[in-house]
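Chemist: For reference, the structure I am asking about is given below.
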Amino acid sequence: MSEGFYRGKRVVVTGASGFIGSHLVEALVREGARVRALVRYTSGSRRGHLDRLPEDVLAQVEVVPGNVEDAGAVRSLVRGADVVFHLAALIGIPYSYVAPQQYVATNVQGTLNVLEAAREHGARVVHTSTSETYGTARYTPIDEAHPLTGQSPYSATKIGADKLAESYHLSFGLEVATIRPFNTYGPRQSSRAIIPSVMQQLAAGSAALRIGSTAPVRDLNFVTDTVAGFLLVGSSARAVGQTLNVGSGRAISIGDLVRLIFEVTGKRAELVTDDARVRPDASEVMVLLADFRRAAELVGYAPRVPLEEGLARTYAYVERHLTDYRPREYAI
Numbered sequence: 014m015s016e017g018f019y020r021g022k023r024v025v026v027t028g029a030s031g032f033i034g035s036h037l038v039e040a041l042v043r044e045g046a047r048v049r050a051l052v053r054y055t056s057g058s059r060r061g062h063l064d065r066l067p068e069d070v071l072a073q074v075e076v077v078p079g080n081v082e083d084a085g086a087v088r089s090l091v092r093g094a095d096v097v098f099h100l101a102a103l104i105g106i107p108y109s110y111v112a113p114q115q116y117v118a119t120n121v122q123g124t125l126n127v128l129e130a131a132r133e134h135g136a137r138v139v140h141t142s143t144s145e146t147y148g149t150a151r152y153t154p155i156d157e158a159h160p161l162t163g164q165s166p167y168s169a170t171k172i173g174a175d176k177l178a179e180s181y182h183l184s185f186g187l188e189v190a191t192i193r194p195f196n197t198y199g200p201r202q203s204s205r206a207i208i209p210s211v212m213q214q215l216a217a218g219s220a221a222l223r224i225g226s227t228a229p230v231r232d233l234n235f236v237t238d239t240v241a242g243f244l245l246v247g248s249s250a251r252a253v254g255q256t257l258n259v260g261s262g263r264a265i266s267i268g269d270l271v272r273l274i275f276e277v278t279g280k281r282a283e284l285v286t287d288d289a290r291v292r293p294d295a296s297e298v299m300v301l302l303a304d305f306r307r308a309a310e311l312v313g314y315a316p317r318v319p320l321e322e323g324l325a326r327t328y329a330y331v332e333r334h335l336t337d338y339r340p341r342e343y344a345i
């Protein structure tokens, strides 16, 4: 249990302005942590999803603009930290076909910078992996012993980052735990992902629902459950040196997911396959289903939010913030 662990702790979150990162920052503040949040620098001083946090929460966060690719900035960021949650990454799989070199720079070099800074300053690191590192399942449910396969430049860079994290624990004794979330969804997720992509089109009243392949099967985990996994992994000495899956343990095809969204929202649309949204055949990961028994045994992780409830909560958010989306465009 993480209860009480974070109170007064100095905690750094990279990728804090993103979907999961912003929810993690909010949870850490409520746990009593002293949070330093890294957001990518922009000339407009934008803080991404951190600006969605309640004012009383955001007032307790030290927001630091910067970039994980800048080693000096990362050393300064990590100085004095007890725990570093490393979430900063380029995550869009389709865009990794377009800009693989940038994915190496951010996901691999950026992770190396975080590990070096934590080694210098003696901080514990929770490194964020992804279920995409497993590739298409050779068996299900997928446990942490499953082989890793780089079926996209994105997943290949995440495998490289995971192995760097592992090496820093084995080579230097750095306290590193790797959390491997399966497909997280919920409020604030970008339209790059399937659930907000479908929901924004329905909320906008689109008669034709443009999607990619309906065959892939995914394990969908509501964001509060994923964040609970982060808190548990970061607070547990038993997690150090481990890689831990965090998921729901429930698999659903994209086609069945769309039909479930229809049921939850009470809306319908004609399904239209958009070739631009379909991955190359050999790059598509067909089945992801989490075996999270190791996380349950070592840190007490358990998912709480049923898919139907999570979808309803997510759609309510999309409806309230529809002007933030561009339903007629495909976000890669």
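Per this note's numbering: the sequence shown = residues 14 to 345.
The beta carbon of each residue, even a glycine, is placed where N, CA and C say it ideally should be.
Alpha carbon to alpha carbon, how far is alanine 40 from leucine 90?
Modeler: Rounded to whole angstroms, alanine 40 to leucine 90 spans 20 Å at the Cα level.
Chemist: Assuming isoleucine 33 is part of the beta strand (DSSP E), what are its boundary residues?
Modeler: Isoleucine 33 -> not in any beta strand (DSSP E); alpha helix (DSSP H) instead, spanning 32–43.
Chemist: Could you give the DSSP three-state label for glutamate 283: helix, strand or coil?
Modeler: The answer is strand: DSSP assigns glutamate 283 an E or B state.
Chemist: Where do the N-terminal and C-terminal ends of the beta strand (DSSP E) with valine 138 fall, by residue?
Modeler: Counting along the chain, the beta strand (DSSP E) containing valine 138 begins and ends at 137–141.
Chemist: When we look at the beta-carbon of phenylalanine 185 and count the other beta-carbons within 10 Å, is it buried (16 or more) or exposed?
Modeler: With fewer than 16 Cβ atoms within 10 Å of its Cβ, phenylalanine 185 is classed as exposed.
Chemist: Which of the three DSSP states is assigned to aspartate 156 in this structure?
Modeler: Aspartate 156 falls in the coil class under three-state DSSP.
Chemist: Would you call threonine 125 buried or exposed, if buried means 16 or more other Cβ atoms sit within 10 Å of its Cβ?
Modeler: Rather than threonine, the amino acid found at residue 125 in this sequence is leucine. Classification of leucine 125: buried, given that the 10 Å Cβ count is 16 or more.
Chemist: What does the alpha-carbon distance come out to for the pair leucine 183 and alanine 221?
Modeler: Each residue's alpha carbon lies about 52 Å from the other.
Chemist: Output the distance between the C-alpha atoms of tyrosine 198 and phenylalanine 235, rounded to the nearest integer angstrom.
Modeler: Rounded to whole angstroms, tyrosine 198 to phenylalanine 235 spans 5 Å at the Cα level.
Chemist: I need the DSSP call for isoleucine 208, collapsed to helix, strand or coil.
Modeler: If DSSP states are grouped into helix, strand and coil, isoleucine 208 belongs with the helices.
Chemist: Given a cut-off of 9 Å on the beta-carbon distance, is the pair valine 87 and valine 38 in contact?
Modeler: Not closer than 9 Å, so no.
Chemist: When the Cα of alanine 190 is compared with those of Glu133, Leu100, Ser109, which residue comes out closest?
Modeler: For the residues Glu133, Leu100, Ser109, the minimum Cα distance to alanine 190 belongs to Leu100.
Chemist: According to the Cβ coordinates, are valine 298 and isoleucine 224 closer than 9 Å?
Modeler: Not in contact: valine 298 and isoleucine 224 (Cβ atoms no closer than 9 Å).
Chemist: Measuring CA to CA, which of Gly61, Asp64, Val97, Glu68 is closest to valine 48?
Modeler: The option with the nearest alpha carbon to valine 48 is Val97.
Chemist: For leucine 66 and isoleucine 267, what's the separation of their Cα atoms in angstroms?
Modeler: So the alpha carbons of these two residues sit roughly 30 Å apart.
Chemist: Which one of Glu310, Gly93, Pro229 has the shortest CA to CA distance from histidine 134?
Modeler: Residue Gly93 is the option with its Cα nearest to histidine 134.
Chemist: With a threshold of 6 Å on Cβ separation, who are the neighbours of valine 285 within its own chain once the five nearest residues in sequence on each side are excluded?
Modeler: Result list for valine 285: Ala221, Arg223, in chain order.
Chemist: Can you tell which of Ala250, Asp287, Gly262 has the C-alpha that lies nearest to the C-alpha of valine 138?
Modeler: Checked all of Ala250, Asp287, Gly262; the closest Cα to valine 138 is Ala250.
Chemist: Taking proline 194 and threonine 143 to be in contact with their CB atoms under 8 Å, please state how far apart those CB atoms are, rounded to whole angstroms.
Modeler: With 8 Å as the limit, proline 194 and threonine 143 qualify as a contact, their Cβ atoms being about 7 Å apart.
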